Amino acid sequence: MEIIMTIVAGVLIATATYLMLSRSILRIIIGTALLSHGAHLLLLTMGGLKRGAAPLLGQEADAYTDPLPQALILTAIVIAFGVTSFLLVLAYRAYQELKTDDMDQLRGNENNE
Amino acid sequence: MNNLVILPILIPLITATLLLLIPKNVKLQKVISVISLTFTTIAAMVLVHTVYRDGIQTLEIGSWKPPFGIVLVADMFAALLVLTGVIVSFTCVLFSFRNIGKGRENFFFYSFTQFLITGVMGAFLTGDLFNLFVFFEVMLMSSYALIVLGGTRIQLRESIKYLLVNIISSALFVIALAYLYGLVGTLNMADVSDKIAQSGQTDIVTVVAILFLIVFGLKGGIFPLYFWLPGSYQAPPYAITAIFGALLTKVGVYSIYRIFTLIFYHEPQITHQIIAALAIITILIGAIGAIAYWDVKKILIYNIVTAVGVIIYGISIATETGYAGGIYYLVHDMVIKGALFLLAGAMFTITGTDNIKKMGGLIKRHPLLGWMFFTACLALAGIPPLSGFVGKILLVQGGLEQEHYIFVGVMLFSSLLVLYSVMKIFMNCFFREEVLSSKEEKGSTRGLVYPSVILIALSAFLGLGAEFVYPYVFEAAETLMDPSIYIQAVLKE
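In the order they appear, the protein sequences are chains A and B. Going by this note's numbering, the first sequence opens with residue 76, and the numbers climb by one from there. Going by this note's numbering, the second sequence opens with residue -18, and the numbers climb by one from there.
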């Protein structure tokens, strides 16, 4: 199971890399979302995918899944969510102000005299 | 157990929240900021003194024993950086009172600054790797807000790039943490170090170490991961660039020091060799960038890159002298970069341009500004009575003891180039014939110079009072040399 999940995370991160190297800002933002998905899946996988009950003491099982990675992922998800919404609004403002979503046209062009 | 450790994080956090409630009352915001920063400075001073007197201070949050709970750890290294960081941000806030302008002040500028300080202090003081990630995000989120605040075209353009780079490095940070957790099953720094010391640093641990180096290198701006830095730091106004230049990259540098002295120190022939090579190229790249430009801000930004290289090299020397030199230079560099950016900000206020070729003769009407800038330049290059000298001489001594001749040569040569680059600013902007008559000046420097006077005085104190500062720095270096001191203080075995 871990091997499949690792491959899935790898595919997500590969797709994210491809998207982030494109020119349109929106594709780049989709890339960052996929990248954080890949990272979160990897965090879950590396914590171990052993069988066990959900980490609720009321379930009275013999074994539980590891609760720590789940807490870490929950933290990482809200952080990624906050950053992504900031980035989306920033991209919107930049589109309004700069009239382009093409990263090639957003290059620095200070001339060094 | 000592609640003192959390104060440098807690005071700015509460202040930031309070300031959110009074967005339009700028005067009250200023008063609250000053009061809070004064208290934070006092707390940081007491913290340094307590650590010096009683050894490493820890705070187990919620009384959960490490490695199960989050623990805050103040060793001398962290405490010194906390104190320096607070003082530098204090002066930057004083500078922005006169400089930042109504538009930004009405939109939570002081709140964001306090959140930034919270993040930086938390990153210095935490003893848990995931908590370090969270404090990095606190710091980065407020830096995103600060870099784009105002919304000019160049800010929008550059902040998109700054955000993207940091989102990618944060994702890599999470991935690195996932691998480390999969390998050792804990995230408390002392416990991770203990576990790796017991099982030996296997190849896969070394791979994770290099992944961490990439992550913190992206934050700290080492070669070849510095490419985002010149553009991004050029976009915001000087008061903000000063905080960024003095604090943000230094948090990355601090993290590299922390993990490579505490956790991944078993395979220095791989990791420390890589750090050494990257540091030397970073120094050269920074120096080349600094002499290439005719733009005050760009020159100072490339000097940040050079300094990061010099500090990072302290790790691969890996002796007490080397670490002490690195720490001394780190403290010095935070102070002097703050001072230089603030002085350059005052110059920009007067002339309204960053272009050296469009300035001249400022010394006639602004002698204090001019000679302060001159002193800061000398301190940056490492001229004896000032602070840069002590750090560099310790690094040279450490480098010679370990026979790292290339580094010593490159560093001394880079000092020359750094001196040339800042003297180019001084000679061209302050001497030559006057470009602006007193009526043409774009703004007054009233109240803009004294924050940097504080920093220059501190720099002079770090240089002249080296005897007084040495014991603190050497205690910090001792803790870095011997990870077991840190581990025992945290795990209490």
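Every residue gets a Cβ at the ideal spot worked out from N, C-alpha and C, and that includes glycine. Please read these numbers as outputs of a predicted model, since none were measured by experiment.
Query, Result
"If you pair each beta-carbon of the segment 381 to 401 of chain B with each one of the segment 304 to 320 of chain B, do three or more pairs fall below 8 Å?", "no"
"Are the CB atoms of T(-4) (chain B) and Q95 (chain B) nearer to each other than 7 Å?", "yes"
"Say whether the segment 323 to 339 of chain B touches the segment 212 to 225 of chain B, bearing in mind that this needs 3 or more beta-carbon pairs closer than 8 Å, one atom from each stretch.", "yes"
"At which residues does the alpha helix (DSSP H) containing V(-14) (chain B) begin and terminate?", "Counting along the chain, V(-14) (chain B) falls outside any alpha helix (DSSP H), and DSSP gives it neither H nor E."
"Starting from Q38 (chain B), follow its DSSP beta bridges and name the residues at the other end.", "B:A55"
"With a cut-off of 7 Å, does the C-beta of Y401 (chain B) fall near any C-beta of chain A?", "no"
"Let me check understanding here. Comparing Cα to Cα, which of B:D109, B:L367, B:A273 and B:M122 lies closest to L398 (chain B)?", "B:A273"
"Which residues mark the beginning and the end of the alpha helix (DSSP H) in which V391 (chain B) is found?", "Y386 to F411"
"Got a sec? Which residues, its chain only, sit under 8 Å from L143 (chain A) by beta carbon, not counting five neighbours each side?", "G122"
"Quick one: residues in its chain with C-beta nearer than 7 Å to the C-beta of S150 (chain B), no 5 flanking neighbours on either side, listed in chain order?", "V196, L199 and K200"
"Between L281 (chain B) and F322 (chain B), how many whole angstroms is the CB-CB distance? I'm expecting something under 8 Å.", "6 Å"
"Taking only the alpha-carbon atoms, compute the straight-line gap between Y33 (chain B) and L461 (chain B) and give it to the nearest angstrom.", "15 Å"
"Grouping DSSP H, G and I as helix and E and B as strand, with all else coil, what is D137 (chain A)?", "coil"
"Please check if any C-beta of chain B sits within less than 7 Å of the C-beta of E77 (chain A).", "no"
"Bridge partners of D276 (chain B), per DSSP?", "B:N336"
"With a 10 Å radius around its C-beta and 16 neighbouring C-beta atoms as the bar for buried, classify Y401 (chain B) as buried or exposed.", "exposed"
"Which residues, taken in chain order from the segment 118 to 144 of chain B, show a beta carbon closer than 7 Å to some beta carbon of chain A?", "E118, M122, Y125, V129, G132, R134, L137, R138, S140, I141 and L144"
"Give me the Cβ distance between A470 (chain B) and G103 (chain B), rounded to the nearest whole Å; I'm assuming they're in contact under 8 Å.", "At roughly 19 Å, the Cβ-Cβ gap does not stay under 8 Å, so A470 (chain B) and G103 (chain B) are not in contact."
"CB F225 (chain B) to CB Y207 (chain B), shorter than 7 Å?", "no"
"Would you list the one or two residues that DSSP bridges to D177 (chain A)?", "A:S99"
"Label E456 (chain B) either buried or exposed according to how many other C-beta atoms from any shown protein chain fall within 10 Å of its C-beta, with 16 as the threshold for buried.", "buried"
"Ordered along the chain, which non-local residues of its own chain (more than five positions away) have a Cβ less than 8 Å from that of I256 (chain B)?", "L194, I237, F241, I293, Y294, I296 and S297"
"Would you say M121 (chain A) lies against chain B (beta-carbon separation less than 7 Å)?", "yes"
"Compare the beta carbon distance of A159 (chain B) and L117 (chain A) with 7 Å and say whether it is the shorter of the two.", "yes"
"Could you name the residues of the segment 259 to 285 of chain B whose beta carbon sits closer than 9 Å to any beta carbon of chain A, in the order they occur along the chain?", "A273, Y274, W275, D276 and K279"
"Give a yes or no on whether the minimum CB-CB distance between I82 (chain A) and chain C is below 7 Å.", "Within the model displayed, chain C is absent; protein chains A and B are what it includes."
"Span of the alpha helix (DSSP H) holding E448 (chain B)?", "A447 to M462"
"Run through chain B and tell me which residues come within less than 9 Å of S111 (chain A), C-beta to C-beta.", "I148, S151, A152 and V155"
"Identify, in the order they occur along the chain, each residue of the same chain with its Cβ nearer than 7 Å to the Cβ of N336 (chain B), setting aside the five sequence neighbours on each side.", "W275 and D276"
"Measure the alpha-carbon distance for G50 (chain B) versus L113 (chain B) and round it to whole angstroms.", "14 Å"
"Going by the beta-carbon positions, is the gap between T81 (chain A) and T120 (chain A) smaller than 7 Å?", "yes"
"For F156 (chain A), return the contacting residues in chain B, with the cut-off set at a CB-CB distance below 7 Å.", "Those do not exist, as F156 (chain A) stays about 11 Å from chain B at its closest Cβ, beyond 7 Å."
"Mind checking G43 (chain B): buried by the 16 CB within 10 Å criterion, or exposed?", "exposed"
"Using a Cβ-Cβ distance cut-off of 7 Å, determine whether A159 (chain B) contacts chain A.", "yes"
"State the beta-bridge partners of N169 (chain B) as determined by DSSP.", "B:D109"
"I need the straight-line Cα distance from M404 (chain B) to C358 (chain B), nearest angstrom please.", "7 Å"
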